[in-house]
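First comes the structure, then the notes that go with it.
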Amino acid sequence: MVDISKLVQGKELNESDQKLLTYIISNMDTVLQKGVRQIAKENYTSPATVIRLSKKLGYTGFIDLYYHLLPLVNAETVPAGKTEDEFFQLDYALVLQHNSIEDMDKFIEKALNLEGKFIFIYAAGFSAIAAEYLYKKLLLLGKQVILATTLDSIGVLENNLKNIGAFVAISKSGETQSVIEKVLRVKDEGIFTVAFTKETPNRLGDCSDLNFKVTDQHKLDDRNLLPNTFFPFTLLLMEYLLSRYLKKINEVDEPTEAEKA
């Protein structure tokens, strides 16, 4: 399912550019072999237009564009050997493979250990579900937390800037413009920023101080119509972070062998 809305967000692409990009994405298995000239011919345009499209998207040329699009189009990122029936098997390796222990401990230090400051959580669309989950978990831990989405007034953020110690953004694509704008705004105030996004490069992750990456099986499915473990795995990652935090402050002890029995 090809949805290029997030790919072209913030880029100055006309309708012809968008049609050309859609063609390239829909034919990723053959466009490299066809080359720029054949692609241009089949789209009734010039090779220069294909090159200009690549540069408008921030790449050096068509080859660079192709290899950056490839992981987005290869939707099935479930490890080899998994059957369809095992699609939703909770493999913790998928949750942790893109994130280091150092980053997790940095999140604990810079966000969860805040004193006298708020943690501000922001998300849009489906990501707001994960944001509300984290919000309620942090409230239960006695943290000072503010939750906002695109439905809330900008004043919720602007009127609390001086009280915010950490800003947590959640976006599957990492390309939602409203979320990126909020992160850039709080960074101007020197606020520590954290992003939960898909595992491949994205603008939100690039502009955040800390980027937690979660495997997204369908990176071009911005309407979330296809089965995807991104959101449940994001919740699992959050639980893992909270588990590490609780162990560090000695509120949760490992069960003894006798208790396990």
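Residues in the sequence shown are numbered consecutively from 1, following full-length UniProt numbering. Even for Gly, the Cβ is constructed at its ideal location relative to N, Cα and C. Owing to the predicted nature of the structure, the values given are computational and were not obtained by experimental measurement.
Taking a contact to require three or more Cβ pairs closer than 8 Å, the segment 127–134 and the segment 153–166 do not qualify as touching. Within the same chain, Cβ atoms closer than 6 Å to the Cβ of K117 are found at G165, the five residues on either side in sequence being excluded. Under the DSSP assignment, F230 falls in the alpha helix (DSSP H) whose first and last residues are 230–248. Of the residues assessed, Y122 falls on the buried side of the cut-off, its CB having 16 or more other CB atoms within 10 angstroms.
Distances from the alpha-carbon of T176 to those of N163, F167, T197, L161 put T197 closest.
With a contact defined as Cβ atoms closer than 8 Å, N113 and F212 miss out at about 17 Å.
Where F62 is concerned, the enclosing alpha helix (DSSP H) starts and stops at 62–73. Annotation: the continuous beta strand (DSSP E) that includes G165 extends over 164–170.
Residue D64 holds the alpha-carbon nearest to the alpha-carbon of V36 among D64, S171, L141, Q9. In chain order, F118 place their CB closer than 6 Å to the CB of Q144, counting only its own chain and leaving out the 5 sequence neighbours on each side. In terms of Cβ geometry, F107 and V194 form a close pair [threshold 8 Å]. F118: member of the beta strand (DSSP E) spanning 118–123, first to last residue. Taking the Cα positions, Y67 is about 19 Å away from A48. The Cβ-Cβ distance between E15 and K56 does not fall below 8 Å. The alpha carbon of T150 has as its nearest neighbour, out of L242, L141, A124, K137, the alpha carbon of A124.
Residue pairing by DSSP places A148 opposite Y122 in a beta bridge. Between E181 and L161, the CB-CB gap reaches or exceeds 8 Å.
Around the beta carbon of E199, 16 or more other beta carbons sit within 10 angstroms, so the residue counts as buried. Going by DSSP, L184 is part of the alpha helix (DSSP H) stretching over 177–188. Secondary structure of L21 (DSSP, three-state): helix. Its chain contains L65, H68 as the residues whose beta carbon lies nearer than 8 Å to that of Y59, once the 5 sequence neighbours on both sides are disregarded; these appear in chain order. Judged by DSSP secondary structure, K136 falls within the alpha helix (DSSP H) whose first and last residues are 127–140. Counting other Cβ atoms within 10 Å of its Cβ, D29 stays below 16 and is therefore classed as exposed. When rounded, the separation of the alpha-carbon atoms in Y135 and C207 is 22 Å. Contact between L20 and N43 holds, with the beta-carbon distance rounding to 5 Å and staying under 8 Å. Rounded to whole angstroms, the Cβ separation of F167 and V183 is 7 Å, and the two are in contact under 8 Å. Between the beta-carbon of L236 and that of V95 there is about 5 Å, and that keeps the pair under the 8 Å contact cut.
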